[in-house]
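**Student:** Chains as they are written, first to last, in this note's numbering: chain A, 59 to 302; chain B, 274 to 469.
Cβ atoms here follow ideal geometry from the backbone N, Cα and C, with glycine treated the same way.
Remember, predicted model here, so these are calculated numbers, not experimental data.
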Amino acid sequence: MAANPMTQFEVYRIGPEIKIGNFDISFTNASLFMVLSTLAILIIFNLGSKKNSVLPNKVQLLAELSYSFVSKMISDTAGSKAKPYFSFIFSLFMFVLFCNMFGMIPYTFTVTSHIIVTFVLASFIFVGVTIIGFIKHGIGYLKLFVPSGVPMILLPLIVIIEIISYLSRPISLSVRLFANMMAGHTMMKVFGGFVISLGIVGGWLPLSFSVALTGLEILVAFLQAYVFAILTCIYLNDALNLHH
Amino acid sequence: MIKKIFFQSIFFNFFFLREVFSAESGGMPQLNPEFWISQIFWLTITFGILYIVLSKLILPKISANLELRKSQIQENIEAAEKQRQGSEAKLKEYEEIVLKSKIEAKNILKDAREKALKNINSKKETLDQQIDEEIKKVEKEIDVLKKNAPEKINKIAIETSSEILKKLIGADVNNSSISAIVDDLSKRGGDKYYGN
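#1: Compare the C-alpha of leucine 339 of chain B against each of A/Val112, A/Lys116 and A/Thr244 and name the closest.
#2: Just how far apart, CA to CA, sit tyrosine 324 of chain B and leucine 316 of chain B?
#3: In the DSSP output, what is arginine 71 of chain A paired with across the bridge?
#4: Please classify leucine 356 of chain B: is it buried, with 16 or more other beta-carbons within 10 angstroms of its beta-carbon, or exposed?
#5: Applying the 10 Å Cβ sphere with the 16-neighbour rule, what's the burial state of tryptophan 262 of chain A?
#6: Within 10 Å of its beta-carbon, does tyrosine 165 of chain A have 16 or more other beta-carbons around it, so buried, or fewer, so exposed?
#7: Distance, Cα to Cα, threonine 399 of chain B vs isoleucine 408 of chain B?
#8: By Cβ distance below 7 angstroms, which residues in the same chain neighbour isoleucine 132 of chain A in space, the five residues on each side in sequence not counted?
#9: To the nearest angstrom, how far is the alpha carbon of isoleucine 454 of chain B from that of lysine 425 of chain B?
#10: Do we get a CB-CB distance below 8 angstroms when we pair glutamate 297 of chain B with the residues of chain A?
#11: Quick one: list the residues of chain B neighbouring isoleucine 202 of chain A, beta-carbon separation under 8 angstroms, in chain order.
#12: Reducing DSSP to helix, strand and coil, say where isoleucine 78 of chain A ends up.
#13: Anything in the segment 110–121 of chain A with a Cβ closer than 7 angstroms to a Cβ of chain B? List those residues in chain order, please.
#14: Compute every distance between the C-beta of methionine 131 of chain A and the non-hydrogen atoms of the ligand SAH, then say whether any falls below 7 angstroms.
#15: Give the single residue among A/Val269, A/Tyr284, A/Lys194 and A/Phe103 whose Cα lies nearest to the Cα of arginine 234 of chain A.
#16: From which residue to which residue does the alpha helix (DSSP H) around tyrosine 367 of chain B run?
#17: Could you name the residues of the same chain whose beta carbon sits closer than 7 angstroms to that of isoleucine 331 of chain B, not counting the 5 residues immediately before and after it, in chain order?
#18: Pick from B/Gln303, B/Leu304, B/Glu307 and B/Gln312: whose alpha carbon is nearest that of methionine 92 of chain A?
#19: Kindly give me the distance between the Cβ atoms of tryptophan 309 of chain B and isoleucine 174 of chain A, rounded to whole angstroms, as I take these residues to be in contact under 8 angstroms.
#20: Among residues of its own chain, excluding the 5 on either side of lysine 109 of chain A, which ones have a beta-carbon nearer than 6 angstroms to its beta-carbon?
#21: Taking C-alpha atoms, which residue in A/Met246, A/Phe184 and A/Ile229 lies nearest to threonine 65 of chain A?
#22: Hey, does serine 107 of chain A have any beta-carbon neighbour from chain B nearer than 8 angstroms?
#23: By the criterion of Cβ-Cβ separation under 8 angstroms, what are the contact partners of tyrosine 224 of chain A in chain B?
#24: For the segment 265–279 of chain A and the segment 173–192 of chain A, state whether three or more C-beta atom pairs, one from each stretch, are separated by less than 8 angstroms.
#25: Along the chain, where does the alpha helix (DSSP H) that runs through methionine 240 of chain A open and close?
#26: Could you pull out every residue in the same chain whose Cβ sits closer than 6 angstroms to the Cβ of glycine 161 of chain A, ignoring the five residues on either side in sequence?
#27: Determine the direct distance from the alpha carbon of arginine 227 of chain A to that of valine 187 of chain A, and round the result to whole angstroms.
#28: What would DSSP say about tyrosine 165 of chain A, mapped onto helix, strand or coil?
#29: At a CB-CB cut-off below 7 angstroms, which residues of chain C make contact with asparagine 104 of chain A?
#30: Is there a Cβ from chain A that is less than 8 angstroms from the Cβ of isoleucine 350 of chain B?
#31: With a threshold of 6 angstroms on Cβ separation, who are the neighbours of alanine 297 of chain A within its own chain once the five nearest residues in sequence on each side are excluded?
#32: Where do the ends of the alpha helix (DSSP H) carrying histidine 195 of chain A lie?
#33: Let's see if you can read the secondary structure: which residues bound the alpha helix (DSSP H) around tyrosine 143 of chain A?
#34: Determine the burial state of alanine 296 of chain B: buried for a count of at least 16 other Cβ atoms within 10 Å of its Cβ, exposed for fewer.
#35: Would a C-beta distance cut-off of 8 angstroms place alanine 287 of chain A and serine 232 of chain A closer than the cut-off?
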């Protein structure tokens, strides 16, 4: 019988149970793929930055193209003031991208398909951006909730809407990534199950679907990492350059 | 028949699927908080290490590499521009030299031609003069011969006529009388007498 499409998201302990106080911080398959992604990023970018030849080799080109890609993304959306946060956004983009891409390899675990991971990242960004905004503009950062050119009668309503939309940022940011990854992987699993249950006669149709979906999911994996990073840039832009 | 089986199997597949979902309990493993703390902990550690290593070690290197390459390429472009200007100046110089030498060659050719023409002309003149002189000399000789010719002819005529007369008549005729006749004839125009 076809396996449950949700079992691929199950977290299980690898090795012994580690506890600090009441908290269970055992090494799990999720931790394994976080470590793998981090190692992959560090190895690739370390190789890419090791030697500097005028004509770069493939790894160096990859590293430098990623660097200029993220750098351009930040300067386009958040301006030159966001330069000090380049390293963070670069790490964020690469981490999410590599976790998504590792998930595309069969029998692996997708770290970003867990709401808790994306939510921690998103709330860290939210808290960080809010702190940066208050440091840069002081109490004037609250002007973000008061758009200019709004009639006085509508103002209370608009302010409430703005506050709600601001507070929902970490939720929308985290749920977007988590839901995309989970839905994609579930769908692939379901189509994979169809291949088994339809057998040699009818299994070709879901199989071809599955192949097409793999391509789509790779695209989504990149796109969601990009969206995650660019939304961070946009939030950062709100905090750095108060437009309202 | 195959089509029917195919669609039926797709249809029944949904029943199997529902059976599968209902059979296994749990729903979304994401909402099971058992390993949340562990995930947060490992996420913090891995992402923290990633951020620190990238920002302190790797990204500055890549940035420096890019800057270095940029400046190197800029330098190369500038050097190339300089060399291009140098080569253009050299080309101009070369063209000037070629132009100059062309003009010089033209002048030399002109001079040589003029000299040759002068030479030829002077030689021609001397040759003409020589030819003229020769012609004059010959003409003088011809004139002398022409002047002497009638006398000689007369002499011959007198001698031959005296000889003929001697043979015909057998007597000597006075030479002076014969010469008188010959002179008279030649003065009148020898054509009439000699021609017939």
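**Tutor:** Result, derived from the coordinates:
#1: A/Val112
#2: 12 angstroms
#3: A/Thr86
#4: The amino acid at residue 356 of chain B is misidentified as leucine; the sequence shows glutamine. Glutamine 356 of chain B should be labelled exposed.
#5: exposed
#6: exposed
#7: 14 angstroms
#8: Ala140, Phe144, Ile147 and Cys291
#9: 15 angstroms
#10: Confidence is the limiting factor: at glutamate 297 of chain B the pLDDT is only 46, short of 50, which leaves the residue's position unreliable, though a coordinate-based value still follows. It does; some Cβ of chain A falls within 8 angstroms.
#11: One detail in the question is off: residue 202 of chain A reads as leucine in this sequence, not isoleucine. By Cβ distance, chain B contributes nothing, its closest Cβ being about 27 angstroms from leucine 202 of chain A, past 8 angstroms.
#12: strand
#13: Asn110, Val112 and Ala121
#14: No copy of the ligand SAH occurs in the structure displayed, which carries no ligand at all.
#15: A/Tyr284
#16: 332–442
#17: none
#18: B/Gln312
#19: 5 angstroms
#20: none
#21: A/Met246
#22: yes
#23: Neighbours of tyrosine 224 of chain A on chain B: none; closest Cβ ~24 angstroms, over 8 angstroms.
#24: no
#25: 227–260
#26: Thr168
#27: 11 angstroms
#28: coil
#29: The structure shown contains no chain C; its protein chains are A and B.
#30: no
#31: Val187, Ile190 and Gly191
#32: 173–195
#33: Run containing tyrosine 143 of chain A: none; DSSP gives neither H nor E here.
#34: For alanine 296 of chain B, the pLDDT reaches just 41, beneath the cut-off of 50, and the residue's location in the model is therefore unreliable, although a value from the coordinates is still provided. Label assigned to alanine 296 of chain B: exposed.
#35: no
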